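One structure is given below, encoded as structure tokens.
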Amino acid sequence: MQIYLPIAEVAVNAFLLLGLGGLVGLLSGLFGVGGGFLMTPLLFFVGIPPAVAVATGANQIVASSFSAVLAHFRRKTVDLRMGGVLLAGGLVGAGAGVQVFAALKARGQVDLLVTLFYVVFLGTVGGLMFWESLRSMRRARNPGGTVRTRKRHNWIHALPLKMKFRTSGMYVSVIPPVLIGAGVGVLSAIMGVGGGFIMVPAMIYLLGMPTKVVIGTSLFQIIFVTAFATLMHAITTQSVDVVLAVLLILGGVIGAQIGSRMGTNLKAEQLRILLASLVLLVCGKLALDLLLEPSELYSVGVAE
Amino acid sequence: MMRAALALLVLWLGATQTLASERVVLGLSQDEVAITATFDGSSLLIFGAVSRDAPIPVDGRLEVVITVTGPTGALDVRRKERQFGIWVNADSVRLSQAPSFYAVASTAPLKDILSAVEDLRHRITLGQVVSTVGASQTVDDVENFTAALRRIRERAGLYQIAEGGVALDQQTLFRTSIELPSNLVEGTYQTRIFLLRNRTVVDMLTTGIPVRKVGMERWLYTTATTQPVLYGLMSLVIAIAAGWGASALFRLLQR
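These protein sequence lines are chains A and B, in that order. Counting from 1, one number per residue, gives the positions in the first sequence under the numbering used here. Counting from 1001, one number per residue, gives the positions in the second sequence under the numbering used here.
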């Protein structure tokens, strides 16, 4: 069944979109990741204009994070103060990101910007994940290897403007969380992702936050930053397609339910290798589009 | 239904045999194209007849050319170039006037039935419609860019040439069918019918077919463009409600 998307102005098969949402939902249920970084490139591949894919991706993440963050609130695993600091940075970053996005859209370079960001980030994250899971699989096979302990004190603790974060039990400078938040804000505006895949490791390894509050706190930041990015995209580039978003969300909810049940039957290391391979595959496809000579060198855009 | 309409036309022609020379009388399968949520392209049937006040002239065959032109606006055509090892948009040409849709159908190859002067006057062939006149001269090879525009849009079904696509019966009844793709731009689609004899236009008729989004599609589109803040907030509320509602439903089902 073809459905005409009013903002993207293309007709796409509704079941294809539900399936895409379902696939990404399945992966997020399996691996516990948001999946925005797979959703946006998949939307490019089915022919949604990149500007619409990014803006609608941000909208879809708001929905998928909402019920998750509620669950974390019930378990009291959200550090509101840290979330607020991350959010302050995030709003600034997202605001700047949307401006850059709109400026490049007018010059016809937005596709390049988005693809480059994806190639760099998917390549880095996928590569690191692949390497990490290979190492831990090898370690699991011959135990007794060296186990590195996480450093408790590093240069971050020497920075000024310290603040007390009671829920996390930390006393650190607000500069690193603001910067992390801003960086993630830029990513969510340009890539249409939540940015959890960058923020969670940064919170654990850079800030040294306790793992139990990391997910809830990052979700808290993501929901407001992606909501802000959606609103900014709706105002400046008018590329949020709500019909597309609803189809992806419905597919996503169903997929996530199936995924979380399947996940319990698979080993964690195998899962991670699987996810890493998938991320690298999408990255490779996008990189090839940049590196190989395209079959059509010309493109047509409506003059702004 | 079309047959009945044609029969009526013929009857009517018999009654109005007082007009001068040959004139076009037009019928359309639809006087409006509505883009709904399930819009997947549409087929536009254009038919009509030639009315005459004298016997069919014998000097040269009668030929019919039908064009449909979508809303026209400025376009940027960009060309990729390898820079630092990757392919990026480099040169671009702005065409000040290019239609979003253009179809031309005729009874015979246009070069045989249409003189260059008439083409220039009425802008019938794609070469005239997508011209480099008014293009910004920042590159040396503007014609490559216009050729690319035609190639890309012909592949997408947005520019169509159907030479021989108009059927003409007994030099009086003509009809053609134009396929409208699903990615149509809203606006008025100008439909022109030309009657030609000896490569010269003897009569022409112009009419407009409105193409517009309707229902929910129309409402969403206008809200997004005229009240973006409201639309953005609404998108967020709808998204959260859909996500929350669906997962709540799932929890209910599991009990």
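Every residue gets a Cβ at the ideal spot worked out from N, C-alpha and C, and that includes glycine. Here the structure is a predicted model, which means the values were calculated and not measured.
Status (buried if at least 16 other CB within 10 Å, exposed otherwise) for residue i
{"i": "residue 253 of chain A", "result": "buried"}
{"i": "residue 1081 of chain B", "result": "exposed"}
{"i": "residue 136 of chain A", "result": "exposed"}
{"i": "residue 1020 of chain B", "result": "Its pLDDT being 45, under 50, residue 1020 of chain B is placed unreliably by the model, and the measurement read from it follows with that caveat. Exposed: under 16 other Cβ atoms inside 10 Å."}
{"i": "residue 1031 of chain B", "result": "exposed"}
{"i": "residue 239 of chain A", "result": "buried"}
{"i": "residue 221 of chain A", "result": "buried"}
{"i": "residue 145 of chain A", "result": "Here residue 145 of chain A scores only 49 on pLDDT, less than 50, and its place in the model should not be relied on; the value that follows carries that caveat. Exposed: under 16 other Cβ atoms inside 10 Å."}
{"i": "residue 1083 of chain B", "result": "exposed"}
{"i": "residue 1220 of chain B", "result": "buried"}
{"i": "residue 147 of chain A", "result": "Confidence at residue 147 of chain A is low in this model, with a pLDDT of 49, below 50, so the placement of that residue should be treated as unreliable; the coordinate-derived value is given next. Exposed, since its Cβ has fewer than 16 Cβ neighbours within 10 Å."}
{"i": "residue 1015 of chain B", "result": "Confidence is the limiting factor: at residue 1015 of chain B the pLDDT is only 45, short of 50, which leaves the residue's position unreliable and the question unanswerable from this model."}
{"i": "residue 111 of chain A", "result": "buried"}
{"i": "residue 1056 of chain B", "result": "exposed"}
{"i": "residue 1176 of chain B", "result": "buried"}
{"i": "residue 163 of chain A", "result": "exposed"}
{"i": "residue 1247 of chain B", "result": "buried"}
{"i": "residue 56 of chain A", "result": "buried"}
Beta-carbon neighbours of residue i, restricted to chain A and to distances below 9 Å
{"i": "residue 1111 of chain B", "result": "Within 9 Å Cβ-Cβ: nothing; residue 1111 of chain B doesn't reach chain A, min ~26 Å."}
{"i": "residue 1229 of chain B", "result": "231, 234 and 235"}
{"i": "residue 1193 of chain B", "result": "None at all; the shortest Cβ gap to chain A is about 28 Å."}
{"i": "residue 1149 of chain B", "result": "298 and 300"}
{"i": "residue 1145 of chain B", "result": "298"}
Where the beta strand (DSSP E) containing residue i begins and where it ends
{"i": "residue 1035 of chain B", "result": "1033 to 1035"}
{"i": "residue 217 of chain A", "result": "Element bounds for residue 217 of chain A: not the beta strand (DSSP E) but the alpha helix (DSSP H), 211 to 236."}
{"i": "residue 195 of chain A", "result": "Looking at the DSSP string, residue 195 of chain A is not in any beta strand (DSSP E), and its letter there is neither H nor E."}
{"i": "residue 173 of chain A", "result": "170 to 173"}
{"i": "residue 1024 of chain B", "result": "1022 to 1028"}
{"i": "residue 1161 of chain B", "result": "1159 to 1163"}
{"i": "residue 1143 of chain B", "result": "Here residue 1143 of chain B belongs to no beta strand (DSSP E); instead the alpha helix (DSSP H) covers 1142 to 1155."}
{"i": "residue 163 of chain A", "result": "162 to 165"}
{"i": "residue 1092 of chain B", "result": "1086 to 1099"}
{"i": "residue 1169 of chain B", "result": "1167 to 1169"}
{"i": "residue 1105 of chain B", "result": "1102 to 1106"}
Cβ distance (whole Å) where residue i is taken to contact residue j below 8 Å
{"i": "residue 1182 of chain B", "j": "residue 1041 of chain B", "result": "5 Å"}
{"i": "residue 16 of chain A", "j": "residue 46 of chain A", "result": "6 Å"}
{"i": "residue 1194 of chain B", "j": "residue 11 of chain A", "result": "Actually they do not touch by this definition, with Cβ atoms about 32 Å apart."}
{"i": "residue 30 of chain A", "j": "residue 271 of chain A", "result": "6 Å"}
{"i": "residue 185 of chain A", "j": "residue 92 of chain A", "result": "7 Å"}
{"i": "residue 1244 of chain B", "j": "residue 67 of chain A", "result": "5 Å"}
{"i": "residue 1235 of chain B", "j": "residue 230 of chain A", "result": "6 Å"}
{"i": "residue 176 of chain A", "j": "residue 161 of chain A", "result": "That belief does not hold up - the Cβ atoms of residue 176 of chain A and residue 161 of chain A are roughly 10 Å apart, past 8 Å."}
{"i": "residue 249 of chain A", "j": "residue 1239 of chain B", "result": "6 Å"}
Cross-chain neighbours of residue i in chain A, by beta carbon under 7 Å
{"i": "residue 1225 of chain B", "result": "238"}
{"i": "residue 1043 of chain B", "result": "Neighbours of residue 1043 of chain B on chain A: none; closest Cβ ~15 Å, over 7 Å."}
{"i": "residue 1037 of chain B", "result": "3 and 4"}
{"i": "residue 1217 of chain B", "result": "4 and 6"}
Residue span of the alpha helix (DSSP H) that contains residue i, given as start and end
{"i": "residue 1189 of chain B", "result": "Not the alpha helix (DSSP H): residue 1189 of chain B falls in the beta strand (DSSP E), residues 1187 to 1197."}
{"i": "residue 1219 of chain B", "result": "1215 to 1226"}
{"i": "residue 39 of chain A", "result": "36 to 45"}
{"i": "residue 130 of chain A", "result": "110 to 141"}
{"i": "residue 1038 of chain B", "result": "Looking at the DSSP string, residue 1038 of chain B is not in any alpha helix (DSSP H), and its letter there is neither H nor E."}
{"i": "residue 1113 of chain B", "result": "1110 to 1113"}
{"i": "residue 76 of chain A", "result": "From DSSP, residue 76 of chain A is part of no alpha helix (DSSP H); its letter is neither H nor E."}
{"i": "residue 267 of chain A", "result": "Here residue 267 of chain A belongs to no alpha helix (DSSP H), and DSSP marks it neither H nor E."}
Residues that residue i contacts on chain B, provided the C-beta gap is smaller than 7 Å
{"i": "residue 62 of chain A", "result": "1236, 1239 and 1240"}
{"i": "residue 290 of chain A", "result": "1086 and 1087"}
{"i": "residue 66 of chain A", "result": "1240, 1243 and 1244"}
{"i": "residue 294 of chain A", "result": "1080 and 1087"}
Listed by chain order, chain B residues near residue i by CB distance under 8 Å
{"i": "residue 249 of chain A", "result": "1239, 1242, 1243 and 1246"}
{"i": "residue 108 of chain A", "result": "1076, 1078, 1089 and 1092"}
Cross-chain neighbours of residue i in chain B, by beta carbon under 9 Å
{"i": "residue 258 of chain A", "result": "Correct list: empty, because the minimum Cβ distance to chain B is about 10 Å."}
Closer than 8 Å at the beta carbon, the chain A residues around residue i
{"i": "residue 1075 of chain B", "result": "300, 301, 302 and 303"}
{"i": "residue 1221 of chain B", "result": "6 and 7"}
{"i": "residue 1182 of chain B", "result": "2, 4, 10 and 11"}
{"i": "residue 1233 of chain B", "result": "231"}
{"i": "residue 1257 of chain B", "result": "Only positions 1001 to 1255 of chain B appear in the structure, and residue 1257 of chain B is not among them; the question remains open."}
Cβ-heavy atom distance, residue i to the ligand PLP, below 7 Å
{"i": "residue 162 of chain A", "result": "In the structure shown, the ligand PLP is absent, as is every other ligand, since no ligand is present at all."}
Q. Is there contact here, the segment 30 to 40 of chain A with the segment 175 to 192 of chain A, by at least three beta-carbon pairs under 8 Å?
A. The segment 30 to 40 of chain A vs the segment 175 to 192 of chain A: in contact.
Q. Within the chosen definition, does the segment 1087 to 1094 of chain B reach the segment 1203 to 1219 of chain B through at least 3 CB pairs nearer than 8 Å?
A. In the pairwise beta carbon analysis, the segment 1087 to 1094 of chain B is classified as not touching the segment 1203 to 1219 of chain B: fewer than three pairs are separated by under 8 Å.
**Q.** Any 3 or more C-beta pairs closer than 8 Å across the segment 1092 to 1103 of chain B and the segment 1177 to 1192 of chain B
**A.** Contact between the segment 1092 to 1103 of chain B and the segment 1177 to 1192 of chain B is present, because at least three Cβ pairs lie under 8 Å.
Q.
For the structure I just gave you, are there three or more beta carbon pairs, one from the segment 274 to 285 of chain A and one from the segment 102 to 109 of chain A, closer than 8 Å?
A. The segment 274 to 285 of chain A, when compared against the segment 102 to 109 of chain A, does not touch it at the 8 Å Cβ threshold.
Q.
If contact is defined by three or more beta carbon pairs under 8 Å, each pair taking one atom from either stretch, is the segment 1068 to 1077 of chain B in contact with the segment 1187 to 1194 of chain B?
A. Yes, they touch.
Q) Does the segment 157 to 167 of chain A come within contact of the segment 79 to 90 of chain A, defined as at least 3 CB pairs closer than 8 Å? A) At 8 Å Cβ cutoff, the stretches touch.
Q.
Check whether the segment 1224 to 1238 of chain B and the segment 226 to 242 of chain A touch, using three or more Cβ-Cβ pairs below 8 Å as the test.
A. Remark: three or more beta-carbon pairs, one from each stretch, lie closer than 8 Å, so the segment 1224 to 1238 of chain B and the segment 226 to 242 of chain A are flagged as touching.
Q: Would you be able to state if there are at least three C-beta pairs under 8 Å between the segment 1196 to 1205 of chain B and the segment 1221 to 1228 of chain B?
A: When Cβ pairs closer than 8 Å are counted between the two stretches, the segment 1221 to 1228 of chain B is seen not to touch the segment 1196 to 1205 of chain B, the count staying below three.
Q: Would you check if there are 3 or more beta carbon pairs closer than 8 Å linking the segment 246 to 260 of chain A to the segment 110 to 122 of chain A?
A: No, the segment 246 to 260 of chain A is not in contact with the segment 110 to 122 of chain A.
Q) Using 8 Å as the Cβ pair cut-off and three pairs as the minimum, do the segment 120 to 135 of chain A and the segment 1109 to 1127 of chain B touch? A) No: fewer than three Cβ pairs fall under 8 Å.
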